[in-house]
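**Q** Going down the list, the protein sequences come from chains A, B, C and D. Add 67 to the 1-based position in the first sequence for the working numbering, that's all there is to it. Add 812 to the 1-based position in the second sequence for the working numbering, that's all there is to it. Add 633 to the 1-based position in the third sequence for the working numbering, that's all there is to it. Add 195 to the 1-based position in the fourth sequence for the working numbering, that's all there is to it. From the three backbone atoms N, C-alpha and C, an ideal C-beta is built for every residue, glycine too. Predicted model only: the values in this text are computed from it and were never measured. The structure is given below, and queries will be raised subsequently.
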Amino acid sequence: MMLPIDPAQATLVVPACAALLLVIVPFSRLGAWINMLASFLTFAAALALLIVRPAAGALLAVDDLNVVFIVINTLVGFTTSIFSAGYIAHEVEIGRLTPRYLRFYHAMFQFLMGSMNLALLTDITGLMWVAVEFATLTTVLMVSLYRTREALEASWKYFILGSVGIALALFGTILVYMAAQPIVGDGLPAMTWGTLLANAARFDPALLNIAFAFLLLGYGTKAGLVPLHAWLPDAHAEGPTPISAVLSGLLLNVAIYAILRFKLLLAANAAAVAPGPLMMTMGLLSVLFAGFMLYRRRDVKRFFAYSSIEHMGIIAFAFGLGGPLANFAGLLHMAMHSLTKSGIFYAIGHMTRIKGTQRIADITGLTSSHPLLGWIFVASVAAIAGLPPFGVFTSEFLVVSSAFAHKPLLAVILVSGLLVSLGALFLRLNSLAFGEPTGSLAPSYMTHAPMILHLAIVLGAGIFLPAAVAAWFQHVAHLLG
Amino acid sequence: MAVTAALALQGAQSVLGLALAPLVTGVVRKTKARLQLRRGASIFQPYRDLARLLRKESVLAYNASWLFDHAPAVILAFTWVAASLIPVLGTEPVLASAADLIAIVGLLASARFVLALAGLDIGTSFGGIGASREVMIASVAEPAMLMLIFALALIAGSTHLTAIAGFVQSPAVGLRVSLGLGLIGLIMVAVAENGRIPIDNPATHLELTMVHEAMVLEYSGRHLALIELASSLKLLLYLSLIAAVFLPWSADIQWAGAPPYAEQLLIYLGKIIGLAFLLGLFEVSIAKMRVFRAPQFLGAALMLTLLAVLLRLVSRSF
Amino acid sequence: MILAAVMLCVAGMFAVAIAAATLASRPFGRVFCYGMMAALALAALLAAIAGLHGGAVETLRLPVGLPWLGANFRLDALAAFFLVVVNLGAAASSVFALGYGRHETAPKRVLPFFPAFIAGMNLVVLADDAFMFLFAWELMSLMSWALVLTQDRDAANRRAGFIYIVMASFGTLALLLAFGMLAGPEGSYAFSAMRGHAPDLQTASVVLFLALLGAGSKAGIVPLHVWLPLAHPAAPSHVSALMSGVMTKVAVYAFVRIVFDLAGVSDWRLSAVIIALGGVTALLGVLYALMEHDLKRLLAYHTVENIGIIFVGLGLALAFRANGLHAAAALAATAALFHVFNHSLFKSLLFFGSGAVLGATGERDMERLGGLIHRMPKTAAYFLIGAAAISALPPLNGFASEWLTFQAVFLSPQFPQWGLRFLAPAVGAMLALAAALAAACFVKAFGITFLGRPRSREAQTAHETDRLSLAAMAGLAALCIVAGVVPGAFTAALAPVSKAIVFDRMPGQNPAALWLPLVPSLGNANSYSGLILFALLAAAMALVALALRIWANGASRRAPAWDCGLPDPSPATQYGAESFAQPIRRVFGTIAFRAREDVFTPPPGDTAAARIHVRIIDPAWEALFAPVGRGVNFVADRMNPLQFLTIRRYLMLVFLSLVFLLAVLALWL
Amino acid sequence: MHDFVFDTAHLLAGGLVLMSFVMLYQDRLPSLINAFALQSALLAASVAWQALAQGAPHLLVTAVIAATLKAIVIPLVLRYLIRSLGIHRTIETVTGIGPTMLAGMALVALSMGLMLRATEASNVIAREDIAFALSVVLLGLLIMVTRRNAVGQVIGFMSLENGLILAGTGAHGMPMVVEISVAFSVLIAFIVIGIFLFRIRERFDTVDVAALDRFRGERQ
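Listed below in structure tokens is the structure:
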């Protein structure tokens, strides 16, 4: 069959057009519908990428690695658009948002999706950097949507730290170009993944090392790795809940993806220092730090933001460990985490909307007052804590076991970190989901479908990982070396 | 044929034990009385007491349950079975394979379990005192007893009383340190288990010192008769245990075709009466101790028996 | 074939769980769920018995879980035996719950999890690779956690649930590391691959340590037991029965599977550790129980004690096996496994009894019970049987297995190592002490709860529980008696298991004549016949009854209690749980728990009531758990300010880490 | 000819680093802004020179952008902001000037040591530029972390971007896309900052970041 544009371009064009359209459309309801439709089309295009793989164009190149990410990205984007329709509508009802902001919000949402897709699909390091930059700026604006003092401060913090990180990333990108330029010559080839990877072995290792230091810090800031994490909790806590879901579920993945790409270069160059130890150190640091920070959180969204930091740490650790098994585990964990965590944020959206507060202390007894929501939440938290029968258990099992096989001591540290954060998760779950219900008992009108869908996928992956998916992930894992 | 004969012998032994038990109590009481320069009742007084109690009607408290009603028979049954498993005439009761020393201790424990429950049944403070003190004492006495069994098992290579008795009769065994320690331990345990001075005073009705008597305070008539019979049977049991293990003199069985049960019975009676006399002597010669000293007393017994075991482990010659 | 049948039953259980989630609100939901569960558990039980007799090893590989590993299941003698334990308990508690379930205030919080919990336990026993094992293991924990939180309005239950889930995950991670050790760097996680290579001493000891942490924390080895008396009683009684009677056995299974089968630990020093731990656990467990006056918590603590006895047996088996004394090892192993079976019987029975009492009076505190034998005679009778059995009194099953354990202890002179020779008798003394104390504790439990005068209005107005509950209790009580009277039949059934784990079986059981006495070892003539004892006792009682009928005055008269002439009408004057345990508390508690009694007597003329206040300190909690909690809080407090830095300081962090990295590169290049 | 090219590039790049030091030294906002404007002008010059040296005319665009936007427009706007917001003119630095300068020296040494040894392969101008660029970037960061004042931090950030542009132009034949993106991002960044400053003006009495940090989440 002959499409006017191939699916890869579609994942970019659709959001772009939708964004323009949404800027124009004044009606919020219609805007929400357009938003959903566009996200769905993007998702469909991404799914199509699984079947028809377009040839690498001038700017876009689809390979097994970024297909994994693009599918997760668009899927969560789609479900989030469904969730945000109900959520934002309610925000307008209670007058927290005005329709003007709403138009802005929907346009920004599509713009964000588009730029993230671009970051994932592009073949040019510079272009990827631009896309990540746009994604950052968009989210900064969306975090500041509520205009409260807290929101402003959160987005200011996010903006400053984010732009510094972005600047560092750019410097790293330039350094990579400089390392490549003597070998592959001037111009675009020296910024194209394909040629870079092909010739990485002959690059100046010293330059690559410095470049990776900058890139890890730069994109690591976006991934929220300790000690670069500072923006993440507040940005999650003060922005609209759908944006928290997107941040945790998607933007962090994009940053990890960028780091992985560059890690490939270093892995291909024998003389360069192995990036593994660095990533493992930051990963373990993040796990332990987030685990302990969880105990003192009062705000439910900030709480789960720290849990995201912890899981980014696990993922960084897994990829830093390297080897097919660990990489497989890292990929699986990333997929499972973005699904589960976004689901949790949907649930939080429901409960904060019902109870009208984000304070953990003011939300109790959900399983009694709202059984469906409450038990979905319990299941999701159990899943994020790494308990079966959910997919996170599988990935954490693989991470720990492969770590233990090669670096037993690190595995022990990782395990203790996991235990600390599990304790915090269930300590808070105790008061959130159980006990005497407090606050409003009004039923939740918003749809539970996105949560249930995510939970179902995670559950299915935990029980039965289709051989096709596994083989695909394994192939990617081998790519990652 | 042989089996039926053995069974008959076993039955005879059991009945004999039941018949002798009050006599032993009588002998102890008489000895004590004499040593306290009283004339004291005849050694057959316990039989009269039992007969009198059996004639009387039994008075039950209003809230006495079926457990309280049936406990005495059960207690007597358990004690009786335990007692009849101690070899008295000859060394091989046919049912010996049924139970070894551990099982005998277990049977006594069952009896005590039921007795303590019966003490709690009416819901009086005295029953409670008796029961709680009884189990406290038993909780130290039983380990001591088991350690003794362990020591004997180490020496004789079996926990079976018949095997042990047979072994100690064999010329192979002479005086052993471990045996001596074991004997002392066994005596201490026996004193405690039978509620004798210095642990308990079978004759007292001074509330604060009662243990066994406090438990059976609410019993009367035939129930009390069964309890009394059971306790004297228990006393006999321990005495004949000591006799079987530590006084291994018996008639030469190979003397004639038919085993000389008459002689053995006489020897056995001699041992028992002698031990009963010694017990009386022991009881009048010391004073009763506070109930919370009892654990220390029994703890000493436990230590002695454990020491016996360890010595035995160190070297065969002990 | 058999494995497939069991797997089908497990699948059915999951189906019931899903169906129950929807039916829970309906009136017939309870009947449906528990009825189906009873049927499925019975079917699985029969299949497992068949497997235990057939003795064939079956394996099954399902294409779920990890794609390259699959989900492997294996049914061998060991698995079959524990399947019997699991499904027997499951069937009993399902029957019990059919009646008892009426008392459930929130069926929605029980019905969906109950079947999944049982299915998870079955899967743990069947799993044949590390992933499936841990998956099922953690599933079991999660489901039971949900059941612990049934009464989630009660803060104590929430705390119990929290401690439980954390301890459970701790155990899971420890087991994960243990499997990691066994699998080796590039090893596979299939058990069949682990069996292949025997680990060296160092690996073996680490594995044993991790297994003790993982399985031991689940089974309730002191000092990892603290969650157990909190969590088990919090659940509904039929679930408490499962958790205490069955789930701890699954933990024992995990330990046996890892240490005996997979790791093949063969070093006497390691076994000495297990023996010592078992002894300490048994003793401390029963002492904890004696200090307790909450009926269900008392029972939970007794689980700790019995787990200790079981581990002593296992440790002895390991020690004998390490020294190549296979006959002795067989004796010890059989004793341990037989006790596993017995304890699952009477512990479930006792929890059912406590559940019946709870349902009838709404009370768990023994200080507010009493006299129930008059209002709940059947329950009282069954509870009494269970109490006698757990107190190791002949001729019941508890005594049979403890007798075997003692026989195993008595074989310790065979050890070539002095350490074991001295350790065994010492632990034997501990076991004896524990047994005697257990008897004392159950005199208290039964006496205070069922005897005496009622201590509260609820106890006065209690009614006998329903038929099905009674039926479940009756069945278990009957099994307790049967297993005590003909232990040979059961130990004979255990022969293949002991063959599997210690390469030998206990002698002296020919299946033709199971009524013959137990002869544990051919070396000495020791033997025990519950049957003969039972016959003798029956005969003796008959004779006594006959004699009474002939000679005694059969008349009885009811009258007020005499009580030395001055009976006090108030039930408060009878002995309570606290006062009954006071002598033992003074003797042992002062050492074990630093127990202190503060007596307050008002001055003369003051009419205020005198008060006694007993303070008991749990050494395990004080030494282990409180410090961990404090440590976590301390670190969290120290780290928390990092949430409140100024943006400039955060920038400083970024800047410094950048400079650090560059400096490192500059120095290394 | 070649060494003349080299010397000039060297001179200009060094000038950037020098200006960074000057900015580091300033403790008054207006003079800080002046220093920044001067640095941007120098940057424009060096970029232009690079365009000549490399024969890459498209670089002139970057030079023009730098010259107009950074050297003229932004400083003006900043001055206007200061006046309109009535920000007190002196900015309190975290540490004294002396330690800051020493730290700056160390940073320059670090970047030199790192880069000059690293980029053996690439041509001379490139390694000079990249070395200077790195030190400018680091110094920019240092300015950001040593200034308590939002405007100060923004300026530090922009001088950091100057360093980036220097590096980008130094990299031989680096495609257009980068410069555009840099300029674009600076533009957006500045717009957003502007928005922020005004919002902050609405909400707070000062653009002192410390005032912004009063809330910092959960500290109620």
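Can you give the Cα-Cα distance for C/A1269 and D/A313, rounded to whole angstroms?
**A** If I take the Cα positions, the gap works out to 42 Å.
**Q** Identify each residue in the stretch 287-314 of chain D for which the Cβ-Cβ distance to at least one residue of chain A is less than 9 Å, and report them in chain order.
**A** Answer in chain order: L309, M310, R312, A313, T314.
**Q** Please report the residue range of the alpha helix (DSSP H) in which B/A889 lies.
**A** From DSSP, the alpha helix (DSSP H) with B/A889 extends over 878-896.
**Q** When burial is assigned at 16 or more other CB atoms within 10 Å of the CB, is A/G162 buried or exposed?
**A** A/G162 comes out exposed.
**Q** Please name the residue in C/P1120, C/V717, C/A1025 whose C-alpha comes closest to that of C/T967.
**A** When only C-alpha atoms are compared, the closest one is C/P1120.
**Q** Between the C-alpha atoms of A/L331 and A/A341, what's the straight-line distance to the nearest angstrom?
**A** Going from the Cα of A/L331 to the Cα of A/A341 covers about 10 Å.
**Q** Do the CB positions of A/S375 and A/L361 come within less than 8 Å of each other?
**A** No, they are not a contact pair.
**Q** Using the C-alpha atoms, what's the distance from C/G1080 back to C/A1175?
**A** About 26 Å.
**Q** Find the nearest neighbour of C/S899 within the set C/L949, C/A955, C/A763, C/A1116, judged by alpha-carbon distance.
**A** Closest option to C/S899, Cα to Cα, is C/A955.
**Q** Please state whether DSSP places C/I1245 in a helix, a strand or coil.
**A** Correct three-state label for C/I1245: strand.
**Q** Using CA coordinates, which residue listed in A/S222, A/P272, A/L219 is at the minimum distance from A/M245?
**A** Per the Cα distances, A/P272.
**Q** Mind listing the chain C neighbours of A/G98? Cutoff is C-beta to C-beta under 7 Å, in chain order.
**A** The premise fails here: A/G98 is roughly 34 Å from chain C at the closest Cβ pair, so nothing lies under 7 Å.
**Q** Buried or exposed: where does C/T692 fall if 16 or more other Cβ atoms within 10 Å of its Cβ makes it buried?
**A** Per the 10 Å Cβ criterion, exposed.
**Q** Taking all protein chains shown into account, do 16 or more other C-beta atoms lie within 10 angstroms of the C-beta of C/P1193, making it buried, or fewer, making it exposed?
**A** Looking at its Cβ environment, which holds fewer than 16 other Cβ atoms inside 10 Å, C/P1193 is exposed.
**Q** Just curious, the alpha helix (DSSP H) that C/F706 is in, first and last residue?
**A** Not the alpha helix (DSSP H): C/F706 falls in the beta strand (DSSP E), residues 704-708.
**Q** Going along the chain, which residues of the stretch 967-990 of chain B sit with their C-beta nearer than 9 Å to a C-beta in chain C?
**A** Result list: A968, G969, S970, T971, H972, T974, A975.
**Q** Run the CB neighbour count on A/G229, radius 10 Å, all protein chains shown included, and call it buried at 16 or more, exposed below.
**A** A/G229 is buried by the Cβ-count criterion.
**Q** Select from the stretch 248-262 of chain A all residues with a C-beta closer than 7 Å to any C-beta belonging to chain D, and list them in chain order.
**A** Those would be Q248, P249, D253, G254, L255, M258, in chain order.
**Q** According to DSSP, what are the bridge partners of C/A1188?
**A** In the DSSP output, where bridge partners are listed per residue, C/A1188 has none listed.
**Q** Along chain C, which residues have their Cβ under 9 Å away from the Cβ of D/M218?
**A** Those within 9 Å of D/M218 in chain C number zero; the least Cβ separation is about 16 Å.
**Q** Note down, in chain order, every chain C residue with its Cβ under 9 Å from the Cβ of D/L336.
**A** Under the 9 Å cutoff, chain C gives L1284, V1287, F1288, L1291, V1292.
**Q** Who are the near neighbours of A/F201 in its chain, counting only those whose CB is closer than 6 Å to its CB and skipping five residues on each side?
**A** S182, listed in sequence order.
**Q** Excluding the 5 residues preceding and the 5 following B/L879 in the sequence, name in chain order all residues of the same chain whose CB lies nearer than 7 Å to its CB.
**A** Result list for B/L879: L929, A930, D933, in chain order.
**Q** Any C-beta of chain B within less than 7 Å: which residues of the stretch 1176-1197 of chain C qualify?
**A** Within the stretch 1176-1197 of chain C, the residues whose Cβ lies closer than 7 Å to some Cβ of chain B are V1177, A1178, L1181, W1184, A1185, N1186, A1188, S1189, R1190, R1191, A1192, P1193, A1194, W1195, D1196, C1197, listed in chain order.
**Q** Less than 7 Å between C-beta atoms, sequence neighbours within five positions excluded: which residues of the same chain meet that for A/L454?
**A** Taken in chain order, the residues that qualify are F460.
**Q** On the DSSP bridge assignment, give the partners of D/I260 in chain order.
**A** Answer by DSSP bridge pairing: none, since D/I260 is not bridged.
**Q** If I measure Cβ to Cβ from A/P300 and keep anything under 7 Å in the same chain, skipping five residues before and after, which residues do I get?
**A** Closer than 7 Å at Cβ, skipping near neighbours: R369, A372, Y373.
**Q** Any idea what DSSP makes of B/A1068, helix, strand or coil?
**A** Bear in mind that a pLDDT of 45 at B/A1068, under 50, signals an unreliable position, so the number given afterwards is only what the model happens to contain. Coil at B/A1068, not helix or strand.
**Q** Kindly give me the distance between the Cβ atoms of B/V947 and C/A1073, rounded to whole angstroms, as I take these residues to be in contact under 8 Å.
**A** Sure, about 4 Å apart at Cβ, within 8 Å.
**Q** Candidates A/R328, A/P166, A/S507, A/G252: which alpha carbon is nearest A/T192's?
**A** Cα-wise, what sits closest to A/T192 is A/R328.
**Q** Which residues in the same chain have their Cβ closer than 7 Å to the Cβ of C/V728, if we skip the five residues on either side of it in sequence?
**A** Cβ neighbours of C/V728 beyond the five flanking positions: A671, L1101, A1104, A1105.
**Q** Identify whether A/F531 lies in helix, strand or coil by the three-state DSSP scheme.
**A** DSSP places A/F531 in strand when its eight states are reduced to three.
**Q** Would you tell me roughly how many angstroms separate the C-alpha atoms of B/A1068 and B/A817, rounded to the nearest one?
**A** With a pLDDT of 45 at B/A1068, under the threshold of 50, the predicted position of this residue should be treated as unreliable, and no value is reported.
**Q** Just to make sure I have the definition right: I need the residues of chain C whose C-beta is within less than 8 Å of the C-beta of B/L1114. Which are they?
**A** The contacting residues are A1062.
**Q** Nearest to C/A969 by CA position, among C/L1064, C/V883, C/L1037, is which residue?
**A** Taking only the C-alpha atoms, the option nearest C/A969 is C/L1037.
**Q** Could you name the residues of chain C that B/A824 contacts, counting a contact when the two beta carbons are closer than 8 Å?
**A** Going along chain C, no residue has its Cβ under 8 Å from B/A824, so there is no contact; the nearest lies around 14 Å.
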